[in-house]
Amino acid sequence: MIEIKGIYKSFGENEVLKNISARFLPGKNSLIIGSSGSGKTTLLKCIVGLHEPTRGEVLYDGENFTEMDFEARVPIRKQIGMLFQNSALFDSMNVEKNIMFPLDLFTDMTRAEKIDRANFCLEKVNLKGKNKLFPAELSGGMKKRVGIARAISMQPKYLFVDEPNSGLDPKTAILIDDLISEITEEYQTTTVIVTHDMNSVMGIGDHVVFLHNGEKWWEGTNHEIAHTDNKALNEFVFASKFMQAARAKL
Amino acid sequence: MFYSFGRYILLLRLSFRKPEKFSVYWAEVMREMVSQGVGSLGIIAIISVFIGAVAAIQVAFQLVSPLVPREIVGSISRDSTILEFSPTISALVLAGRIGSSIASQIGTMRVTEQIDALEIMGVNTPGYLISPKIIAGVTMIPLLVIVSVVLGLTGGYIACVVSRDIAPTDFIVGLQNGFNPVIVTVCAVKSVAFGFIITSVCSYFGFYTTGGALEVGQSATKGVVFSCIWILFGDLVISSLLL
Numbered sequence: 008m009i010e011i012k013g014i015y016k017s018f019g020e021n022e023v024l025k026n027i028s029a030r031f032l033p034g035k036n037s038l039i040i041g042s043s044g045s046g047k048t049t050l051l052k053c054i055v056g057l058h059e060p061t062r063g064e065v066l067y068d069g070e071n072f073t074e075m076d077f078e079a080r081v082p083i084r085k086q087i088g089m090l091f092q093n094s095a096l097f098d099s100m101n102v103e104k105n106i107m108f109p110l111d112l113f114t115d116m117t118r119a120e121k122i123d124r125a126n127f128c129l130e131k132v133n134l135k136g137k138n139k140l141f142p143a144e145l146s147g148g149m150k151k152r153v154g155i156a157r158a159i160s161m162q163p164k165y166l167f168v169d170e171p172n173s174g175l176d177p178k179t180a181i182l183i184d185d186l187i188s189e190i191t192e193e194y195q196t197t198t199v200i201v202t203h204d205m206n207s208v209m210g211i212g213d214h215v216v217f218l219h220n221g222e223k224w225w226e227g228t229n230h231e232i233a234h235t236d237n238k239a240l241n242e243f244v245f246a247s248k249f250m251q252a253a254r255a256k257l
Numbered sequence: 005m006f007y008s009f010g011r012y013i014l015l016l017r018l019s020f021r022k023p024e025k026f027s028v029y030w031a032e033v034m035r036e037m038v039s040q041g042v043g044s045l046g047i048i049a050i051i052s053v054f055i056g057a058v059a060a061i062q063v064a065f066q067l068v069s070p071l072v073p074r075e076i077v078g079s080i081s082r083d084s085t086i087l088e089f090s091p092t093i094s095a096l097v098l099a100g101r102i103g104s105s106i107a108s109q110i111g112t113m114r115v116t117e118q119i120d121a122l123e124i125m126g127v128n129t130p131g132y133l134i135s136p137k138i139i140a141g142v143t144m145i146p147l148l149v150i151v152s153v154v155l156g157l158t159g160g161y162i163a164c165v166v167s168r169d170i171a172p173t174d175f176i177v178g179l180q181n182g183f184n185p186v187i188v189t190v191c192a193v194k195s196v197a198f199g200f201i202i203t204s205v206c207s208y209f210g211f212y213t214t215g216g217a218l219e220v221g222q223s224a225t226k227g228v229v230f231s232c233i234w235i236l237f238g239d240l241v242i243s244s245l246l247l
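Order-wise, the sequence lines are chains A and B.
Counting in this note's numbering, the first sequence tops out at residue 257, every number present.
Counting in this note's numbering, the second sequence tops out at residue 247, every number present.
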């Protein structure tokens, strides 16, 4: 379980996050949603330690991650898998080496075992046989899937996903969502997803945190969203005519 | 300026932390050695031959006098090639070739979140990205300078053969006359120092790139410019201390 308590984050005078607290449970897809500039990605970066919160705490299974130094964080970081918005695959390595990279650094597996693991992860994301391709040869959707394969190669306990569907067609986006959801359920990972894609929210949002102007305005499940009277959330979720029509049918 | 210098020192300290796995770092060092060393051999060979030839022709032109022995052209060419042309001019050229490549490579990794991905995995990113480049720089740049010295003197010899201002035998005799080994020490110290400056300064600018493609280009430019300035300053300091 990941718990964040009273997170504040400022960049100079600009206060981006204000007093955000939440709990993210294992085996659940927790979605952080909000409009552009609401602080979603900053919050995610504070949780994983890419940004240091100005105030507040991030607890991984009760351990205070915020107070730890680099060395102390390494054991927790080995249990973290993350998919970045642009996949962040290493350009100089092929797909197989990208997936094997954390295994090379942090395990004593033999080369054959590492290749087996890479093949297993690629099969999991439906990219069997694409081992030798380089990131430049992959489509956006394939890059995301390789990113997921790399994220799960160390069998993470915590999975973080930043805008998994940005730049993808709706069919591929659903495929990626289903894949993340399947991994969360199968490995019981604590999964935190940052998105503003309402299909993702309605499809896999077991737990949804809505940010507005850097503050937490609403928290609940995807089923509860349709019936909320939170004005800002309603304006965000039902901005499109399609969503308004869908709500009317409920 | 003090802020940047402090950040540079801290980055260097982080770069030489204990590696997560020695074999992975070693593979990176080897890759960098090939990239920096073998990759720069062509340009170093070309500039060294030409600079050596030009140096011999210009010295011969300035010392045309019945009072000056003809062999002196070889001696002056040797000393100026070993002391200045090979280490310093090569370093300035390598700052453009290796330095810009390092700054843009690390800068691109920064803006495309590849460095964030490494950090999330628990990798000491300065150590993994920068230390192999510095190790490769301080080993391969001195080797390139040795090649440059040999080819520079060869260029001088070729110039004598072609121009016929100086007899090639006089040039060879001049190369052997009055050789002071300290110039080799100075050359070695300079090349190691310049290797360190090029790789560390350009890594620093690449590592702290923010923004996008435009800023990556700016980081590469800054890296090369600052490397050149520090090379020239280092050249002055080392020459005044060791000569």
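Glycine residues also receive a C-beta, built at the ideal position from the N, C-alpha and C atoms.
Excluding sequence positions up to five away, which residues of its chain have a Cβ less than 6 angstroms from the Cβ of Ile-86(B)? Val-153, Ile-187 and Cys-191
To the nearest angstrom, report how far apart Ile-54(A) and Tyr-208(B) are at their CA atoms. 26 angstroms
Less than 8 angstroms between CB atoms is the rule here; does Pro-60(A) satisfy it with respect to chain B? no
Does any CB atom of chain A fall closer than 8 angstroms to the CB of Met-125(B)? yes
Span separating the alpha-carbon of Glu-36(B) from that of Trp-224(A): 50 angstroms
Selection of the segment 125-157 of chain A by Cβ proximity to chain B, strictly under 9 angstroms: Gly-154 and Arg-157
Say whether chain A places a C-beta atom closer than 8 angstroms to the C-beta of Glu-24(B). yes
For Arg-74(B), collect the residues of the same chain with a Cβ closer than 6 angstroms to its Cβ; drop the 5 residues on either side in sequence, then sort them by chain order. Ile-170 and Asp-174
If I follow the unbroken beta strand (DSSP E) through Tyr-212(B), where does it start and stop? No beta strand (DSSP E) contains Tyr-212(B), which DSSP labels as neither H nor E.
Beta-carbon of Val-28(B) versus every beta-carbon of chain A: anything under 8 angstroms? yes
Residues that Thr-6(A) bridges to, as DSSP identifies them: As displayed, chain A neither begins before 8 nor continues past 257, which places residue 6(A) out of reach and without an answer.
Within 8 angstroms, strictly: CB atoms of Thr-61(A) and Tyr-15(A): yes
Output needed for Ile-190(A): all residues of its chain with C-beta closer than 8 angstroms, excluding positions within five of it in sequence on either side, in chain order. Lys-131, Ile-155, Ile-159, Leu-166, Thr-196 and Thr-198
Leu-122(B) versus Lys-135(A), Leu-90(A), Phe-249(A) and Arg-118(A), residue with shortest Cα-Cα distance: Leu-90(A)
Going by Cα to Cα distance, which pick from Ala-119(A), Arg-152(A) and Asp-123(A) is closest to Leu-134(A)? Arg-152(A)
Pair every Cβ in the segment 76-93 of chain A with every Cβ in the segment 16-27 of chain A, then say whether three or more of these pairs are closer than 8 angstroms. no
Quick test of the definition: if touching needs 3 or more C-beta pairs under 8 angstroms, does the segment 124-140 of chain B touch the segment 28-45 of chain B? yes
Scan the segment 14-96 of chain A and note each continuous alpha helix (DSSP H) run of 4 residues or more that stays entirely inside, going in chain order. 47-55 and 77-84
Cα-Cα, which of Met-100(A), Ile-232(A) and Thr-117(A) is closest to Lys-137(A)? Met-100(A)
Could you check whether the segment 210-225 of chain B touches the segment 102-119 of chain B, counting it as contact only if at least three pairs of C-beta atoms, one from each stretch, sit closer than 8 angstroms? yes
Phe-259(A) bridges to which residues according to DSSP? Outside the displayed span of chain A (8 to 257) sits residue 259(A), for which this structure offers no information.
Straight-line gap, Ser-62(B) to Leu-148(B) (C-alpha atoms, nearest Å): For the record, residue 62(B) in the displayed sequence is Gln; it is not Ser. So the two alpha carbons sit approximately 24 angstroms from each other.
Taking the alpha helix (DSSP H) that Gly-227(A) falls in, what are its first and last residues? First-last for Gly-227(A): 222-227, but that is the beta strand (DSSP E), not the alpha helix (DSSP H).
Cβ separation of Met-23(B) and Gly-131(B), assumed to be a contact under 8 angstroms, to the nearest whole Å: Reading the sequence as shown, one finds Pro at residue 23(B) and not Met. About 6 angstroms; that satisfies the 8 angstroms criterion.
List, in order along the chain, the chain A residues whose C-beta lies closer than 8 angstroms to that of Glu-117(B)? Phe-91, Gln-92, Asn-93 and Ala-95
On the criterion of 16 or more Cβ atoms from any shown chain inside 10 Å, does Leu-157(B) qualify as buried, or is it exposed? buried
7 angstroms CB neighbourhood of Phe-72(A) in its chain, flanking five on each side removed: Gly-56, Val-65, Leu-66, Arg-80 and Ile-83
Chain B contact for Lys-85(A) (CB, 8 angstroms cutoff): yes
Can you tell which of His-230(A), Gly-148(A), Phe-113(A) and Ser-207(A) has its C-alpha closest to the C-alpha of Leu-38(A)? Ser-207(A)
Beta-carbon within less than 8 angstroms of Ile-106(A)'s beta-carbon, same chain only, minus the 5 sequence neighbours each way: which residues are those? Arg-124, Ala-125, Cys-128, Leu-129, Val-153, Ala-156, Arg-157 and Ser-160
Candidates Phe-18(A), Asn-36(A), Gly-41(A) and Asn-21(A): closest to Phe-217(A) by CA position: Gly-41(A)
Nearest-angstrom beta carbon gap, Asn-36(A) and Ile-187(A) [assumed within contact, 8 angstroms]: 7 angstroms
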